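Trainee: Here you go, one structure.
Number of protein chains: 2
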Amino acid sequence: MEALKERIIKDGKCLGEDVLKVDSFLNHQIDVALVRAIGEEFARIFAGQGVNKILTIEASGIPIAYATAAAMGNIPLVFAKKTAPSTMTDGFYSAEVRSFTKGTVSHVVVSEKYIGPEDKVLLIDDFLAHGEAAGGLLEICAKAGAECAGLGAVIEKKYQGGAERLRAKGLRVESLAVITSLKDGHIEFEQTR
Amino acid sequence: MEALKERIIKDGKCLGEDVLKVDSFLNHQIDVALVRAIGEEFARIFAGQGVNKILTIEASGIPIAYATAAAMGNIPLVFAKKTAPSTMTDGFYSAEVRSFTKGTVSHVVVSEKYIGPEDKVLLIDDFLAHGEAAGGLLEICAKAGAECAGLGAVIEKKYQGGAERLRAKGLRVESLAVITSLKDGHIEFEQTR
Numbered sequence: 003m004e005a006l007k008e009r010i011i012k013d014g015k016c017l018g019e020d021v022l023k024v025d026s027f028l029n030h031q032i033d034v035a036l037v038r039a040i041g042e043e044f045a046r047i048f049a050g051q052g053v054n055k056i057l058t059i060e061a062s063g064i065p066i067a068y069a070t071a072a073a074m075g076n077i078p079l080v081f082a083k084k085t086a087p088s089t090m091t092d093g094f095y096s097a098e099v100r101s102f103t104k105g106t107v108s109h110v111v112v113s114e115k116y117i118g119p120e121d122k123v124l125l126i127d128d129f130l131a132h133g134e135a136a137g138g139l140l141e142i143c144a145k146a147g148a149e150c151a152g153l154g155a156v157i158e159k160k161y162q163g164g165a166e167r168l169r170a171k172g173l174r175v176e177s178l179a180v181i182t183s184l185k186d187g188h189i190e191f192e193q194t195r
Numbered sequence: 003m004e005a006l007k008e009r010i011i012k013d014g015k016c017l018g019e020d021v022l023k024v025d026s027f028l029n030h031q032i033d034v035a036l037v038r039a040i041g042e043e044f045a046r047i048f049a050g051q052g053v054n055k056i057l058t059i060e061a062s063g064i065p066i067a068y069a070t071a072a073a074m075g076n077i078p079l080v081f082a083k084k085t086a087p088s089t090m091t092d093g094f095y096s097a098e099v100r101s102f103t104k105g106t107v108s109h110v111v112v113s114e115k116y117i118g119p120e121d122k123v124l125l126i127d128d129f130l131a132h133g134e135a136a137g138g139l140l141e142i143c144a145k146a147g148a149e150c151a152g153l154g155a156v157i158e159k160k161y162q163g164g165a166e167r168l169r170a171k172g173l174r175v176e177s178l179a180v181i182t183s184l185k186d187g188h189i190e191f192e193q194t195r
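If you're matching them up, the sequences are chains A and B in order.
Per the working numbering, the very first residue in the first sequence carries number 3; after that it's consecutive.
Per the working numbering, the very first residue in the second sequence carries number 3; after that it's consecutive.
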């Protein structure tokens with residue numbers, strides 16, 4: 003997605019070789035027009051697959067998931083929570099998610115009421131790095147008996163291997179900007195898209 | 003807002019006298035069409051005030067804040083984070099927020115880069131209870147030298163006193179559904195709106 007890549011080049015900042023900071027437009031301050039265009043692009047890519055629900059993880063996946071759900075005809079959006087809130091009084095599905103950046107393991111949870119065998123779910127997230135977050139969402143879909151139509155990631159850091167790992171599990175992965183290297187503060191994109 | 007109140011009556015669940023569970027449409031699963039209408043209502047209420055930025059707290063404020071930012075002409079949306087991420091390498095403003103439900107005190111943070119004296123900020127949140135979260139956002143606006151146009155809350159639990167406390171600080175507070183009691187599992191609305 004050209005507009006996205008241009009924006010990453012203009013406003014993205016490399017923090018070492020592993021972290022790309024895009025908090026001026028994607029995950030702290032949000033450029034609403036860009037995020038809407040991102041949602042429309044995911045809706046176009048995953049059209050005709052019978053997707054009836056969007057699943058993401060709080061917090062930075064939420065604006066993108068909302069824009070995608072809106073572009074797919076106002077289908078419901080569910081966001082997995084990083085801790086089970088006191089109001090989650092019924093059963094829930096959970097999955098472990100490791101964070102390589104923080105060196106932690108957490109659980110993400112989704113209420114049993116909002117995902118089930120009748121659902122065809124599209125996973126949405128801002129970043130695809132090692133694939134841990136998306137892997138957790140995929141596990142929740144499996145536990146719920148829901149079908150998963152694929153993962154839409156805004157920015158993929160290909161060299162961290164997440165897309166490869168998820169595709170090996172049979173998941174369709176579509177990333178709007180694929181980064182092959184952040185070496186020496188230079189953002190290099192895969193040229194095929 | 004009638005459509006909202008009807009939905010709360012239809013799908014809201016009382017958990018004791020203090021907690022209203024609306025996770026089927028507002029803060030776990032999201033009804034995108036309803037949230038868009040909520041955003042349009044806030045845009046109507048706060049029109050003509052020169053608002054140029056929306057500020058909320060992760061995570062459940064984000065869809066509503068996004069819808070409001072979109073309805074106000076795609077102005078930027080900033081969400082305060084509950085922990086400073088490793089990528090927040092520049093300065094940030096922070097404020098203490100107490101949670102009465104969880105019995106905890108946390109800090110919310112906003113990067114100095116995304117709020118400043120040039121901003122007229124509209125605060126948006128899903129719930130207004132004791133007013134702690136909104137109070138924290140108001141404090142961040144003050145630290146940043148930004149003007150605050152008011153708070154738009156989707157559901158206010160009036161008997162917990164947050165709106166009164168915030169108005170005493172000079173903040174304009176507009177809630178789309180004002181609840182006066184959750185006693186005996188019955189949701190009672192203020193009748194004046």
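By construction, the Cβ of each residue, glycine as well, lies at the ideal position given by its N, Cα and C atoms.
Quantities reported herein were computed from a predicted structural model and do not represent experimental measurements.
Which two residues bound the contiguous beta strand (DSSP E) that contains tyrosine 95 of chain B?
Mentor: From DSSP, the beta strand (DSSP E) with tyrosine 95 of chain B extends over 94–101.
Trainee: Would you kindly check if the distance between the Cβ of arginine 174 of chain B and the Cβ of alanine 151 of chain B is under 8 Å?
Mentor: Closer than 8 Å, so yes.
Trainee: On the DSSP letters alone, give me the boundaries of the alpha helix (DSSP H) that phenylalanine 44 of chain A sits inside.
Mentor: Counting along the chain, the alpha helix (DSSP H) containing phenylalanine 44 of chain A begins and ends at 34–47.
Trainee: Answer yes or no: does any C-beta atom of chain A fall closer than 8 Å to that of aspartate 33 of chain B?
Mentor: Closer than 8 Å to some Cβ of chain A, the Cβ of aspartate 33 of chain B qualifies, so yes.
Trainee: Is isoleucine 117 of chain B helix, strand or coil when you go by DSSP?
Mentor: Residue state, collapsed to three classes: coil.
Trainee: Does the segment 8–19 of chain B touch the segment 165–184 of chain A, meaning 3 or more C-beta pairs lie closer than 8 Å?
Mentor: No: the two stretches stay apart, fewer than three of their Cβ pairs being nearer than 8 Å.
Trainee: Would DSSP call aspartate 127 of chain A helix, strand or coil?
Mentor: Strand.
Trainee: Between the segment 121–131 of chain A and the segment 52–61 of chain A, are three or more C-beta pairs nearer than 8 Å?
Mentor: The answer is yes - the segment 52–61 of chain A touches the segment 121–131 of chain A, with three or more Cβ pairs under 8 Å.
Trainee: Could you give the distance in angstroms between the alpha-carbon of arginine 46 of chain A and the alpha-carbon of phenylalanine 81 of chain A?
Mentor: So the two alpha carbons sit approximately 21 Å from each other.
Trainee: Return the CA-CA distance between alanine 170 of chain A and glutamine 162 of chain A, expressed in angstroms with no decimal places.
Mentor: Between alanine 170 of chain A and glutamine 162 of chain A, the C-alpha separation is close to 15 Å.
Trainee: Smallest Cα separation from glycine 164 of chain B: which of B:Gly137, B:Pro87 and B:Gly147?
Mentor: Looking at the Cα atoms, B:Gly137 is the closest of the given residues.
Trainee: Between the segment 79–94 of chain B and the segment 21–33 of chain A, are three or more C-beta pairs nearer than 8 Å?
Mentor: The segment 79–94 of chain B is in contact with the segment 21–33 of chain A.
Trainee: Quick one: list the residues of chain A neighbouring isoleucine 64 of chain B, beta-carbon separation under 9 Å, in chain order.
Mentor: By Cβ distance, chain A contributes Ile32, Glu60, Ala61, Ser62, Ile64, Pro65, Tyr68 and Phe81.
Trainee: If you measure from the beta carbon of tyrosine 95 of chain B to each beta carbon in chain A, is any gap under 8 Å?
Mentor: No, because no Cβ of chain A sits closer than 8 Å to the Cβ of tyrosine 95 of chain B.
Trainee: Does the Cβ of lysine 55 of chain B have 16 or more other Cβ atoms within 10 Å, making it buried, or fewer, making it exposed?
Mentor: Buried.
Trainee: Looking at the C-beta of aspartate 204 of chain A, does it have a partner C-beta in chain B at a distance below 8 Å?
Mentor: No answer is possible for residue 204 of chain A: it lies beyond the span of chain A, which begins at 3 and ends at 195.
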